[in-house]
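Engineer: In order, the protein sequence lines correspond to chains P and X.
If you use our numbering, the first sequence corresponds to residues 2 to 265, in order.
If you use our numbering, the second sequence corresponds to residues 130 to 725, in order.
Please find one structure pasted underneath; my questions will follow.
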Amino acid sequence: MGTPKAALEWHGSTLLRRTAAILARVTEGPVVVVRAPGQDLPALPPGTEVVDDPREGLGPVQGLAAGLAALGGRAEIAFVSSTDMPFLHPAFVRRVLRAAQEGADVALPVARGYPQPLAAAYRTVLAAVAERLVAEQRLRPAFLFEQCAVTRLDESALRADPVLAALDPALDSVVNVNSLADYQAARERPAPEVTVQRFGTLADGHRGPHQVRAATVAAAADATGLALDGHVVAALNGDQITRDGETPLAAGDTVFFLAADAGG
Amino acid sequence: MAPGGYFGQALVVDAGTGTASTLPLPDELLRAYLGGAGLGAWLMHRLAPPGAGPLTAQAPLAFVFSPLVGTPLTTSAKFAVVAKSPLTGLLNDALSSSHFAISGKLTGYDAIVVRGACQRPSALLVDGDGVRLIEASDLWGLPAAEAEKRLRSRLGRGWRAAVIGPAGERCVRYATISHAGRHAGRGGLGAVLGAKRLKAVAVRAATKVAPADPEAVLAAARDLRARSFGPATAKYRELGTLANLLAFNAISALPSRNFQAATFAGAPRLAAEELAQLRTVARNSCASCTIGCEHIYSARGGKQMRVEYENVFALGPMCGVSDPDAVLAASARCDELGLDTISAGGTIAWAMECAERGLIDAPWLRFGDAGALLRALSEIGTGEGVGELLAEGSRRAAELVGGGSAEFAPHVKGLELPGYEPRTMHAMALGLAVNSRGADHNRSGAYEADLSGDHDRLAGGAAHAAAAIETEDRAAIMDSLILCKFLRGVFREPFGEWAALLSAVTGWDVDGAELRRTARRIVLAKRVFNIREGWRPSDDWLPQRLLAEPVTTGSGRVATLTPERLRGMIGAYYTGRGLDAQGRPGEADLADLRLR
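Here you go:
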């Protein structure tokens, strides 16, 4: 495509930054990016960890081994994602993680016609198994699945989650971009619909809620005539506070804009 | 000769005899403690007998001015009232503002300290003719504003007065001292004055004090004035602090029903955005202020009320009351009586929960009942019914009532919590727990860290502790210079810019690094005073409810503040402050306090 997928522009941010921020939001835990040795990465959200894949070109199981090992001792379960899924929705991640938390070693979505090993949840103890498979040159995820308990989540199982069914009914979360045409098609889609409310002096008589299309917090601010400067902060879904305009949004999100000074 | 902006002396008055003496304040001491809350802490170390009860005659109470008072620097017309708190038994400083600050300083003293007690209700007068006590029995029982008006009318032009209301006279432990409708509100210093049978302290300017570099001060004043009109203060100018209410509700940071929830369904009815459209009648500002944060609202019956976030929080959501007329009426009642609205609301909310649990015999006292709120306030003012119990504040009242009610008494060190939900604001939780004054949002602005986006506000740790220290240090300097905290957002490099202001006024060669050391000294001086007066490490803690009952945010995330997390943050705070594991400073820090 001429540009590494991780660095592909995405509504003023990058695909990798979006993916890392979505996962950080859902998991509250460490987010690890596995890169090829020496690979240049675009800017990442604060707190994102980067580990080097010790061996380049060995495919997804090698990446799994490195990433799961980096999380060992800090998390029991990891959601593993490739960088090229621009519509990955938090509700999808939550649904898959929940399946793993119910006891499986791997929660594997089967959606849009294919198993999705790079949009799946894994127990971090599988790092050792993956490492052994790499050593044995058995480099396909299917070999890993043979060695552990896998819960497969077909589309009906995924959509049984009412939140996911409402917010990502077509399961676009697993759409990836493998070509320039894929990327351009994805980029041409409208940004997700989100709800915005402005409080205090920012409301200026129009507190909302307003429905806008915005892929980032900065775009949501812009859509409501605000500048995300040092005097304004955003609260995503009433929860985390951010000044980072590149914070990604997903369909159904709510963004509250507040004055940064909360003195009372 | 005193440095610019200072007189180099404090006036120490014996209210029992009407006599006074002068306490020299050397240059080096003023530079170490600046003024306001800082100098007040040193004065209490020096003048308060160890262990003296705050409501005893020997307990001193100080009105402390600062080097910036009287300059054209915006928001500098402020003063600190400092004494041992009858609510906490620890050091308390409460700030107020406007003309009393200017006239008080221009009596020729950097502080006026009152000890002893009068035989009968009196007013203390200080001006160029010296000190005298006058009979004030005719003012006793009057609301503070009315008493102030009558006293000024009697004394004539040029006099300014700080006055207590009926609650101070009755020694309600959270009574305020008022001046021109503004209150030195927290910690019950009105009761300290009431115990001295002093209805008022009145001052009249008698002299002048020049800054070291008048041109530099004027230039700085022009610059600050221009910056004070910018976006950093827009919230205060346009809506006032009440703008917090709806925003806090949206982010689950609005305590309600005695901290049983972090949101309040009735919040929109009380919001600044609504009230401003329907009821704003005027804006007002303190003397020497260009921000003008005060928003005057009309209330039922034609009354006009200053409305702030904290009084609406405490008398509204905290008590489950959503009727704006009732909340405004309750605020007006607190002003008339001279009650701190935060402690009044917190104590009444605690009592409402006690009544619902059958722990106190007051079946009429129910969350959401506006009539009950107003009745409770009146009984606090008169001492009738539940008033005598509630006049003690939630900590002492819970000790008297028992039945597990201490676990939901909303205080730290005896001071009722302000409207910042600790479970969803972990940096603020730490700030509230460790602050010397008790649960306080003005001496620790750690909520800034929670709302900065730099930290996960639901996962407090070492970074939150560092942020809490930083905001506490900034507050220590602002409260000692003194500058209004609503101005803080205009400073890009606060310590350096404050040092430049101080240098221009005093002539000292002060830099930001020195002011950082000064901030630390002031914070530690307060802590050391408290240690002397019986503080224990277990006092740096939060109410059990906040550590045992989670709340849920809008995203569905469960917000929990565990004892382990709080303990970890307190440990990081102690380490960052250079304290030992028990929260006590070492010998080097003690020597730096210049207390010996």
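Where is the CB? At the ideal position from N, CA and C, for every residue including glycine.
In three-state terms, what does DSSP make of X:Thr362?
Structural biologist: As a first step, residue 362 of chain X must be located in the second sequence, where it is residue number 233. Three-state result, X:Thr362: helix.
Engineer: CA-CA distance, P:Gly74 and P:Gly68?
Structural biologist: By 1-based counting over the first sequence, the position of residue 74 of chain P is 73. By 1-based counting over the first sequence, the position of residue 68 of chain P is 67. Spanning the two alpha carbons is a distance of roughly 12 Å.
Engineer: If contact means a Cβ-Cβ distance below 7 Å, which residues of the stretch 663–686 of chain X contact chain P?
Structural biologist: Result list: Thr682, Gly683, Ser684, Arg686.
Engineer: Identify each residue in the stretch 344–378 of chain X for which the Cβ-Cβ distance to at least one residue of chain P is less than 7 Å, and report them in chain order.
Structural biologist: Residues passing the 7 Å Cβ filter: Pro360, Ala361, Ala363, Lys364, Glu367, Leu368, Thr370, Ala372, Asn373, Leu375, Ala376.
Engineer: Return yes when at least one heavy atom of the ligand FMN lies under 8 Å from the C-beta of X:Gly133, else no.
Structural biologist: Absence of the ligand FMN is noted for the structure shown, with no ligands found whatsoever.
Engineer: Over the uninterrupted alpha helix (DSSP H) stretch that includes X:Tyr576, give me the two end residues.
Structural biologist: In the second sequence, the residue the question calls residue 576 of chain X occupies position 447. That run of the alpha helix (DSSP H) goes 576–579.
Engineer: Show which residues of chain X have a CB atom less than 8 Å away from the CB atom of P:Leu259.
Structural biologist: Start at 1 with the first residue of the first sequence, and residue 259 of chain P comes out as number 258. Residues of chain X passing the Cβ test: Ala376, Ala379, Ile380, Leu580.
Engineer: If you drop the 5 nearest sequence neighbours on each side, which residues of the same chain put their C-beta closer than 6 Å to that of X:Phe442?
Structural biologist: Sequence index remark: in the second sequence, residue 442 of chain X carries index 313 (1-based). For X:Phe442, where only same-chain residues beyond five positions count, the Cβ hits under 6 Å are Gly548.
Engineer: Using a cut-off of 7 Å between C-beta atoms, extract the partners of P:Arg208 located in chain X.
Structural biologist: Position 207 of the first sequence, counted from the first residue, corresponds to residue 208 of chain P. Per Cβ cutoff of 7 Å: Glu402.
Engineer: Between the alpha carbons of X:Glu277 and X:Leu159, how many angstroms are there, rounded?
Structural biologist: Taking the first residue of the second sequence as position 1, residue 277 of chain X is located at position 148. Taking the first residue of the second sequence as position 1, residue 159 of chain X is located at position 30. One C-alpha to the other measures close to 31 Å.
Engineer: Provide the residue(s) that pair with X:Met434 in DSSP beta bridges, ordered along the chain.
Structural biologist: The residue you call residue 434 of chain X lines up with position 305 of the second sequence. Answer is X:Tyr426, bridged to X:Met434.
Engineer: Please state the DSSP three-state secondary structure of P:Pro116.
Structural biologist: For the purposes of this step, residue 116 of chain P is taken as residue 115 along the first sequence, with counting starting at 1. Note: P:Pro116 maps to strand in three-state DSSP.
Engineer: Give the DSSP-derived three-state secondary structure of X:Leu284 in the structure shown.
Structural biologist: Residue mapping note: residue 284 of chain X aligns to position 155 of the second sequence, counting from 1. In this structure, X:Leu284 counts as helix in the three-state DSSP scheme.
Engineer: List the residues of chain B whose Cβ lies closer than 7 Å to the Cβ of P:Arg244, in chain order.
Structural biologist: Of the protein chains in this structure, namely P and X, none is chain B.
Engineer: What first and last residue would you give for the beta strand (DSSP E) that runs through X:His593?
Structural biologist: As a position in the second sequence, residue 593 of chain X is number 464, starting the count at 1. Segment 591–610 is the alpha helix (DSSP H) holding X:His593; no beta strand (DSSP E) there.
Engineer: Could you work out which residues of chain P lie near X:Phe615, taking near to mean beta carbons separated by less than 7 Å?
Structural biologist: Sequence index remark: in the second sequence, residue 615 of chain X carries index 486 (1-based). Near X:Phe615 (Cβ distances below 7 Å), the residues of chain P are Gly264.
Engineer: Quick check on this structure: which residue in P:Leu259, P:Gln63, P:Arg18, P:Ala66 has the alpha carbon closest to the alpha carbon of P:Pro43?
Structural biologist: Looking up residue 43 of chain P in the first sequence gives position 42. For P:Pro43, the nearest C-alpha among the options comes from P:Arg18.
Engineer: Leaving out the 5 sequence neighbours to the left and right, which residues in its chain are closer than 8 Å to X:Arg645 when beta-carbon positions are compared?
Structural biologist: The residue you call residue 645 of chain X lines up with position 516 of the second sequence. Only Asp602, Phe624 meet the Cβ criterion.
Engineer: Under DSSP, the beta strand (DSSP E) around X:Pro153 begins and ends at which residues?
Structural biologist: Within the second sequence, numbered from 1, the residue matching residue 153 of chain X stands at position 24. Looking at the DSSP string, the run of the beta strand (DSSP E) that includes X:Pro153 is 148–153.
Engineer: Against chain P, does X:Arg525 count as a neighbour if the rule is that its beta carbon must be under 9 Å from one of theirs?
Structural biologist: Within the second sequence, numbered from 1, the residue matching residue 525 of chain X stands at position 396. It does not; no Cβ of chain P falls within 9 Å.
Engineer: Is there contact here, the stretch 94–103 of chain P with the stretch 134–143 of chain P, by at least three beta-carbon pairs under 8 Å?
Structural biologist: No: the two stretches stay apart, fewer than three of their Cβ pairs being nearer than 8 Å.
Engineer: Under 9 Å between the Cβ atoms of P:Val288 and P:Val195?
Structural biologist: Residue 288 of chain P lies beyond the stretch modelled for chain P, which goes from 2 to 265, so this question has no answer here.
Engineer: Short of 9 Å Cβ to Cβ, which residues in the stretch 432–454 of chain X face chain P?
Structural biologist: Result list: Glu437, Tyr438, Glu439, Phe442.
Engineer: Spell out a yes or no on whether the stretch 604–621 of chain X and the stretch 706–715 of chain X are touching, meaning 3 or more CB-CB pairs, one atom from each, closer than 8 Å.
Structural biologist: Not touching, per the Cβ criterion.
Engineer: State the DSSP-derived secondary structure class of X:Ile293, mapped to helix, strand or coil.
Structural biologist: Mapped onto the second sequence, residue 293 of chain X falls at position 164. Reduced to three states, the DSSP call for X:Ile293 is coil.
Engineer: What separation, rounded to the nearest whole angstrom, lies between the Cα atoms of X:Gly134 and X:Ala170?
Structural biologist: Reading the second sequence from its first residue, position 5 is the one you call residue 134 of chain X. Reading the second sequence from its first residue, position 41 is the one you call residue 170 of chain X. Cα to Cα, the separation comes out at about 19 Å.
Engineer: Output yes or no for whether 9 Å exceeds the beta carbon distance between X:Ser225 and X:Pro183.
Structural biologist: If you number the second sequence from 1, residue 225 of chain X lands on position 96. If you number the second sequence from 1, residue 183 of chain X lands on position 54. No.
Engineer: Starting from X:Asp222, trace the beta strand (DSSP E) both ways and give me its first and last residue.
Structural biologist: Indexing the second sequence from 1 puts residue 222 of chain X at position 93. Here the beta strand (DSSP E) through X:Asp222 covers 220–226.
Engineer: Out of curiosity, what's the CA-to-CA distance linking P:Pro118 and P:Ser174?
Structural biologist: Working through the first sequence from its first residue, we reach residue 118 of chain P at position 117. Working through the first sequence from its first residue, we reach residue 174 of chain P at position 173. The alpha-carbon atoms of P:Pro118 and P:Ser174 are separated by roughly 13 Å.
Engineer: Quick one: what's P:Tyr123 bridged to in DSSP?
Structural biologist: If you number the first sequence from 1, residue 123 of chain P lands on position 122. Beta-bridge pairing links P:Tyr123 to P:Ala79, P:Val107.
Engineer: For the stretch 215–238 of chain P, which residues have a beta carbon sitting closer than 7 Å to at least one beta carbon of chain X?
Structural biologist: Against chain X - using a Cβ distance shorter than 7 Å - the residues of the stretch 215–238 of chain P are His232, Val234, Ala236, Asn238.
Engineer: Please check if any C-beta of chain X sits within less than 9 Å of the C-beta of P:Thr196.
Structural biologist: Taking the first residue of the first sequence as 1, we reach residue 196 of chain P at position 195. No, P:Thr196 does not count as interfacial toward chain X.
Engineer: In the stretch 288–318 of chain X, which residues sit with their C-beta less than 9 Å from some C-beta in chain P, listed in chain order?
Structural biologist: Cβ contacts with chain P: none found.
Engineer: Answer with yes or no whether the minimum CB distance from P:Pro47 to chain X is below 9 Å.
Structural biologist: Position 46 of the first sequence, counting from 1, holds the residue named residue 47 of chain P. Yes, contact with chain X.
Engineer: Closest Cβ-Cβ distance between P:Gly201 and chain X: below 9 Å?
Structural biologist: Residue mapping note: residue 201 of chain P aligns to position 200 of the first sequence, counting from 1. It does; some Cβ of chain X falls within 9 Å.
Engineer: Looking at the unbroken beta strand (DSSP E) that takes in X:Phe208, where does it start and where does it end?
Structural biologist: As a working mapping, residue 208 of chain X is identified with position 79 in the second sequence. It spans 207–213 - the beta strand (DSSP E) in which X:Phe208 sits, taken as one unbroken run.
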